[in-house]
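In what follows, a structure is listed as structure tokens, so that the remarks can point back to it.
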Amino acid sequence: DAGVTQSPTHLIKTRGQQVTLRCSPKSGHDTVSWYQQALGQGPQFIFQYYEEEERQRGNFPDRFSGHQFPNYSSELNVNALLLGDSALYLCASSPRGQLANEKLFFGSGTQLSVL
Amino acid sequence: DAKTTQPTSMDCAEGRAANLPCNHSTISGNEYVYWYRQIHSQGPQYIIHGLKNNETNEMASLIITEDRKSSTLILPHATLRDTAVYYCIVRVLSGNTPLVFGKGTRLSVIA
Chain U
1163 DAGVTQSPTH LIKTRGQQVT LRCSPKSGHD TVSWYQQALG QGPQFIFQYY EEEERQRGNF
1223 PDRFSGHQFP NYSSELNVNA LLLGDSALYL CASSPRGQLA NEKLFFGSGT QLSVL
Chain B
759 DAKTTQPTSM DCAEGRAANL PCNHSTISGN EYVYWYRQIH SQGPQYIIHG LKNNETNEMA
819 SLIITEDRKS STLILPHATL RDTAVYYCIV RVLSGNTPLV FGKGTRLSVI A
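Chains as they are written, first to last, in our numbering: chain U, 1163 to 1277; chain B, 759 to 869.
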């Protein structure tokens, strides 16, 4: 049973460019959340998707957007990249329901470097 | 903002118990205490969670004080593979509530 998979593992972009990161949730999970982790900090919640809609959002600008597909996979898009967007981007999945979502399963992340 | 306070770093000798403290003095009655850890170059990994009773699983034990204002994660026999950043999080268990991470405790297990 594959866990949460993310691609690519590493990415280098320049300021002003746009980037798309991808995530496939763990089998049986329909909810996907994205987190940003700057160096030396804990992960920060960006947003969450289920039923192909954004359901919750953290304190991130509109440059950060996402999408969820019918197979529950998800994309994170960041426009007009800034140097400060350099970070590890983590995807987490869970099933819905109060008891079912007791724990989140995280992927290994995409390391984005903005030059 | 994170509702927990943890020491920045701790050391533990291999084979000994690692006791990681966490303060959550403003915890609400419907909030659970969660622990995750993040090994270098990996995503966070769930360890354990509890509401008010002590909990134990194959990875660790969680001891929550009676007033629920603090807790301790115990790794009974630490190994080098337990070297990681450990995050204590309080979370309402409903509505797919996001995790709010602090900076965690960096545990170094020393041979």
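Ideal Cβ positions, reconstructed from N, Cα and C, are used throughout, including at glycine.
Pull up the CB-CB distance for residue i and residue j, whole angstroms please, since I reckon it's below 8 angstroms.
{"i": "isoleucine 868(B)", "j": "tyrosine 792(B)", "result": "Their Cβ separation, rounded to whole angstroms, is 27 angstroms, which puts isoleucine 868(B) and tyrosine 792(B) out of contact at 8 angstroms."}
{"i": "proline 837(B)", "j": "glutamate 772(B)", "result": "Correcting the residue identity first, residue 837(B) is threonine in this sequence and not proline. Rounded, the Cβ-Cβ distance is 6 angstroms, consistent with contact."}
{"i": "serine 1270(U)", "j": "isoleucine 1174(U)", "result": "About 18 angstroms; that fails the 8 angstroms criterion."}
{"i": "isoleucine 770(B)", "j": "leucine 865(B)", "result": "Here the sequence assigns cysteine to residue 770(B), which means isoleucine is not the residue at that position. 6 angstroms between Cβ atoms; contact."}
{"i": "phenylalanine 1268(U)", "j": "leucine 1252(U)", "result": "5 angstroms"}
{"i": "alanine 776(B)", "j": "aspartate 825(B)", "result": "Between aspartate 825(B) and alanine 776(B) the Cβ distance is about 24 angstroms, and since that is not below 8 angstroms, they are no contact."}
{"i": "glycine 1228(U)", "j": "serine 1236(U)", "result": "6 angstroms"}
{"i": "proline 856(B)", "j": "glycine 1190(U)", "result": "Between glycine 1190(U) and proline 856(B) the Cβ distance is about 20 angstroms, and since that is not below 8 angstroms, they are no contact."}
{"i": "serine 783(B)", "j": "lysine 827(B)", "result": "5 angstroms"}
{"i": "tyrosine 1197(U)", "j": "glutamine 1206(U)", "result": "6 angstroms"}
Which one or two residues does DSSP pair with residue i in a beta bridge?
{"i": "valine 843(B)", "result": "Gln796(B), Arg864(B)"}
{"i": "tyrosine 871(B)", "result": "Missing from the structure shown is residue 871(B); chain B here goes from 759 to 869 and no further."}
{"i": "glycine 808(B)", "result": "Val791(B)"}
{"i": "isoleucine 822(B)", "result": "Ser829(B)"}
{"i": "alanine 760(B)", "result": "BP columns for alanine 760(B) are empty, so no partner."}
{"i": "glycine 1228(U)", "result": "Leu1238(U)"}
{"i": "valine 1181(U)", "result": "Val1240(U)"}
{"i": "glutamine 1206(U)", "result": "Gln1198(U)"}
{"i": "glutamate 816(B)", "result": "Looking at the DSSP assignment, glutamate 816(B) forms no beta bridge with any residue, so it has no partner."}
{"i": "threonine 1272(U)", "result": "Tyr1251(U)"}
{"i": "proline 779(B)", "result": "Thr830(B)"}
Leaving out the 5 sequence neighbours to the left and right, which residues in its chain are closer than 7 angstroms to residue i when beta-carbon positions are compared?
{"i": "glutamate 789(B)", "result": "Val848, Arg849, Val850"}
{"i": "glycine 1178(U)", "result": "Ala1242, Leu1243"}
{"i": "serine 1248(U)", "result": "Leu1274, Ser1275, Val1276"}
{"i": "leucine 809(B)", "result": "Tyr790"}
Just to confirm my understanding: we take residue i, look at its own chain, exclude 5 residues before and 5 after, and list those with CB closer than 6 angstroms. What are they?
{"i": "histidine 807(B)", "result": "Tyr790, Tyr792"}
{"i": "phenylalanine 859(B)", "result": "Tyr845"}
{"i": "leucine 1277(U)", "result": "Thr1176"}
{"i": "asparagine 812(B)", "result": "Ile821"}
{"i": "threonine 1193(U)", "result": "Tyr1212, Ser1256, Arg1258"}
{"i": "threonine 765(B)", "result": "Checking the sequence, you will find proline at residue 765(B) rather than threonine. The answer, listed in chain order, is Thr863."}
{"i": "glutamine 1210(U)", "result": "Ser1195, Arg1217, Gln1218"}
{"i": "cysteine 780(B)", "result": "Thr762, Gln764, Ser829, Cys846"}
Skipping 5 residues on each side, what residues in its chain have a beta carbon closer than 8 angstroms to that of residue i?
{"i": "glutamate 1215(U)", "result": "Gln1230"}
{"i": "serine 767(B)", "result": "Thr863, Arg864, Leu865, Ser866"}
{"i": "threonine 1350(U)", "result": "Since the first residue of chain U shown is 1163 and the last is 1277, residue 1350(U) is not available in this structure."}
Does the distance between the C-beta of residue i and the nearest non-hydrogen atom of the ligand SAH fall short of 6 angstroms?
{"i": "threonine 784(B)", "result": "Ligands in the displayed structure: none, and consequently the ligand SAH is not present."}
Check distances from the C-beta atoms of the segment 841-853 of chain B to those of chain U and list, in chain order, the residues that come in under 7 angstroms.
Correct list: Tyr845, Leu851, Ser852.
If you measure beta-carbon to beta-carbon, which residues of the segment 797-819 of chain B are closer than 8 angstroms to chain U?
Among the residues of the segment 797-819 of chain B, those with a Cβ less than 8 angstroms away from any Cβ of chain U are Ser799, Gln800, Gly801, Pro802, Gln803, Tyr804, His807, in the order of the chain.
Against chain B: residues of the segment 1205-1231 of chain U by CB proximity under 8 angstroms:
For the segment 1205-1231 of chain U, which is checked against every Cβ of chain B, the residues closer than 8 angstroms are Pro1205, Gln1206, Phe1207, Gln1210, Tyr1212, Arg1217, Gln1218, Gly1220.
Give, in chain order, every residue of the segment 1172-1190 of chain U whose Cβ lies closer than 9 angstroms to some Cβ of chain B.
From the segment 1172-1190 of chain U, no residue has a Cβ closer than 9 angstroms to chain B.
Closer than 7 angstroms between beta carbons: that is the criterion. Which residues of the segment 1263-1275 of chain U meet it against chain B?
Those would be Asn1263, Glu1264, Lys1265, Leu1266, Phe1268, Gly1269, Ser1270, Gly1271, in chain order.
Chain-ordered residues of the segment 852-867 of chain B with a beta carbon less than 9 angstroms from chain U
The segment 852-867 of chain B vs chain U, Cβ under 9 angstroms: Ser852, Gly853, Asn854, Thr855, Pro856, Leu857, Val858, Phe859, Gly860, Lys861, Gly862.
Taking beta-carbon pairs under 7 angstroms, can you tell me which members of the segment 1191-1204 of chain U lie near chain B?
For the segment 1191-1204 of chain U, which is checked against every Cβ of chain B, the residues closer than 7 angstroms are Thr1193, Ser1195, Gln1203, Gly1204.
Along the segment 1241-1252 of chain U, where does the CB come closer than 9 angstroms to a CB of chain B? Name the residues.
So the close ones are Leu1250, Leu1252.
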